[in-house]
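In the working numbering, the protein residues as written are 1 to 554.
Ideal Cβ placement from N, Cα and C applies to all residues, glycine included.
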């Protein structure tokens, strides 16, 4: 019996409805699957929405590849800012160099300053679930501390033995007393703790590094070289869990492209050493409705090195005159748009042992500078505006580079103009980066050279040892002065805090009296942040530039 037309129409509508329902379900399932894989989805141009699972993430612009495939805690490879996100240290660096507990809850130092005993935090696991204990610390340190390649840090050079006293106690024995041992243990690398399961064969000190496994708040989710790295929250983290689920490190090489990415919302954060913001971009960001500028006083400084082999510069009055002739405040106001601070001493006040009393330096007194040159025997004998002595004009070659610090050209030109006002000719020489560093460290082909101090936990001790202290094979790089070197040695071995401060006071006083450098500028640490990001806070160091664990998004 054939069905009537009404029956056929009902069946047809039912079948069509079923197909529509199946199609809708297929779209929903496919959409959810894509959202689960990507974590986020793109809507309107440059606007990011949370993924299907409601994960919260931020995208951070980085200037270069993070190198997560070689992020071995015991090496200097990979991004210095990613090391502390994945790997914890025994102790951390706090404000003005305060040493804070981390994987070590407490520690004691022997009276002679050569033995350090650390009590380790209990119930801590690595991101893969393996146990953190004293043997893991011993394994991690023994991978690198005897390697001559790490001899630049005294923990590696002076450590004689590391012992696992029990499951949660580690003892380190050193060949000498050196107060910055604890400071060096806060470094981003190579002192942080790697799981024995991160190498093959597992637990072998000489094993091959396989993947980054630490006890930090973050672990690696994915990595595409020269494009991006994705870090996700470590569910085994011993501390307070991060508020975000994910941090994406997106490689954006060009500074202008980083600004555009911030403007269109494809990037949430950029700045610091990870993705430097130019002064021009900073001015644009300050007028944006969707961006905020976050800044804080930094811990490094830009200054001019004097070549002590130049006969003119051997005269302390000439060095003092140069200091008095440069208006450092104008550098901040006119060249840096008010960002940063005029330099006083070699180090800013954010550096340990720098105080209001010992940071004193030379102000802007051009007439006094002219008088000092006159007392040193210099005079303008032919009316050309340039002073001479014994028939030789006071002429100096000023070396710089722009590759890493484009602002140095403007600073050097400013110094050049200021010194001309007191009768000194300055010839600027812009070198490419390799030639510039060769001039500083090897050839010494300069009279004046603009440089920067190191940052954070490497100041003041490591920088002073690197630039102002002789080595077994060579004199000091920046300025050779035996009395200063003796004070540096005394400070390094001072285990008593007051005696150490007194020595640093004398040390900074010696640098001032002899006008050993020309400090010019203290830069700020600056980030540009999308307003959707909440809880942004700058960290204490350039390698922990942001308090990542407190970040949140609207």
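Would you call the CB atoms of residue i and residue j closer than 8 Å?
| i | j | result |
| --- | --- | --- |
| residue 160 | residue 139 | no |
| residue 549 | residue 240 | yes |
| residue 115 | residue 154 | no |
| residue 596 | residue 450 | Look at the range of the chain in this structure, 1 to 554, and you will see that residue 596 is not part of it. |
| residue 462 | residue 484 | no |
| residue 133 | residue 83 | no |
| residue 325 | residue 431 | no |
| residue 102 | residue 92 | yes |
| residue 515 | residue 253 | no |
| residue 394 | residue 412 | no |
| residue 529 | residue 282 | no |
| residue 193 | residue 73 | yes |
| residue 533 | residue 268 | yes |
| residue 299 | residue 191 | no |
| residue 404 | residue 433 | yes |
| residue 301 | residue 524 | no |
| residue 127 | residue 264 | no |
| residue 331 | residue 521 | yes |
| residue 316 | residue 517 | no |
| residue 113 | residue 495 | yes |
Measuring only the C-alpha atoms, how far is residue i from residue j?
| i | j | result |
| --- | --- | --- |
| residue 390 | residue 440 | 29 Å |
| residue 278 | residue 255 | 7 Å |
| residue 245 | residue 438 | 45 Å |
| residue 164 | residue 453 | 37 Å |
| residue 45 | residue 328 | Because the pLDDT at residue 45 is just 31, under 50, the model does not fix this residue reliably, and the value given afterwards should be weighed accordingly. Roughly 44 Å separates the two Cα atoms. |
| residue 48 | residue 266 | Caution is warranted here: a pLDDT of 44 is assigned to residue 48, below 50, making its placement in the model unreliable, and the coordinate value is therefore given only provisionally. Roughly 7 Å between the two C-alpha positions. |
| residue 410 | residue 487 | 35 Å |
| residue 544 | residue 531 | 21 Å |
| residue 538 | residue 350 | 14 Å |
| residue 526 | residue 259 | 13 Å |
| residue 377 | residue 144 | 55 Å |
| residue 78 | residue 71 | 5 Å |
| residue 212 | residue 156 | 22 Å |
| residue 382 | residue 542 | 51 Å |
| residue 509 | residue 447 | 24 Å |
| residue 108 | residue 370 | 55 Å |
| residue 218 | residue 232 | 6 Å |
| residue 397 | residue 131 | 58 Å |
| residue 344 | residue 337 | 19 Å |
| residue 81 | residue 62 | 10 Å |
| residue 347 | residue 479 | 16 Å |
| residue 553 | residue 243 | 9 Å |
| residue 151 | residue 187 | 14 Å |
| residue 506 | residue 474 | 25 Å |
| residue 39 | residue 56 | Caution applies to residue 39, whose pLDDT of 35 falls short of 50 and renders its modelled position unreliable; the model cannot decide the point. |
| residue 198 | residue 237 | 17 Å |
| residue 176 | residue 204 | 29 Å |
| residue 162 | residue 86 | 23 Å |
| residue 540 | residue 460 | 15 Å |
| residue 43 | residue 497 | Since pLDDT at residue 43 reaches only 32, below the 50 mark, its modelled position is unreliable, and the value read off the structure follows with that caveat. Rounded to whole angstroms, residue 43 to residue 497 spans 57 Å at the Cα level. |
What residue does the beta strand (DSSP E) around residue i start on, and which one ends it?
| i | result |
| --- | --- |
| residue 231 | 228-233 |
| residue 164 | 159-166 |
| residue 250 | 246-251 |
| residue 397 | 395-400 |
| residue 171 | 169-174 |
| residue 555 | Lying outside 1 to 554, the shown extent of the chain, residue 555 is not represented and no answer is given. |
| residue 91 | 91-93 |
| residue 545 | Premise fails: residue 545 is in no beta strand (DSSP E) and is neither H nor E. |
| residue 99 | 99-101 |
What are the partner residues of residue i, as DSSP defines its beta bridges?
| i | result |
| --- | --- |
| residue 452 | 302 |
| residue 362 | Answer by DSSP bridge pairing: none, since residue 362 is not bridged. |
| residue 270 | 528 |
| residue 218 | 233 |
| residue 108 | 117 |
| residue 295 | 526 |
| residue 344 | Paired residue(s): none; residue 344 is not in a bridge. |
Taking the alpha helix (DSSP H) that residue i falls in, what are its first and last residues?
| i | result |
| --- | --- |
| residue 255 | 255-264 |
| residue 283 | 279-286 |
| residue 572 | Summary: the structure shown does not reach residue 572, with the chain confined to residues 1 through 554, and so no result is reported for it. |
| residue 554 | Neither: residue 554 is in no alpha helix (DSSP H) and is coded neither H nor E. |
| residue 487 | 482-493 |
| residue 76 | Here residue 76 belongs to no alpha helix (DSSP H), and DSSP marks it neither H nor E. |
| residue 336 | From DSSP, residue 336 is part of no alpha helix (DSSP H); its letter is neither H nor E. |
| residue 516 | Residue 516 -> no alpha helix (DSSP H), and no H or E assigned at all. |
| residue 325 | 316-325 |
| residue 86 | 83-86 |
I'd like to know whether the C-beta of residue i is nearer than 8 Å to at least one C-beta of chain B.
| i | result |
| --- | --- |
| residue 352 | The chain labelled as chain B is not found in the depicted structure, where only one protein chain is given. |
Write down every uninterrupted run of the alpha helix (DSSP H) in the stretch 404-467 whose length is 4 residues or greater and which is fully enclosed by it, in chain order. List check, alpha helix (DSSP H) in window: 407-420, 433-438, 461-467.
Unbroken alpha helix (DSSP H) runs of length 4 or more, entirely within the stretch 126-156: which are they? Runs found: 134-142.
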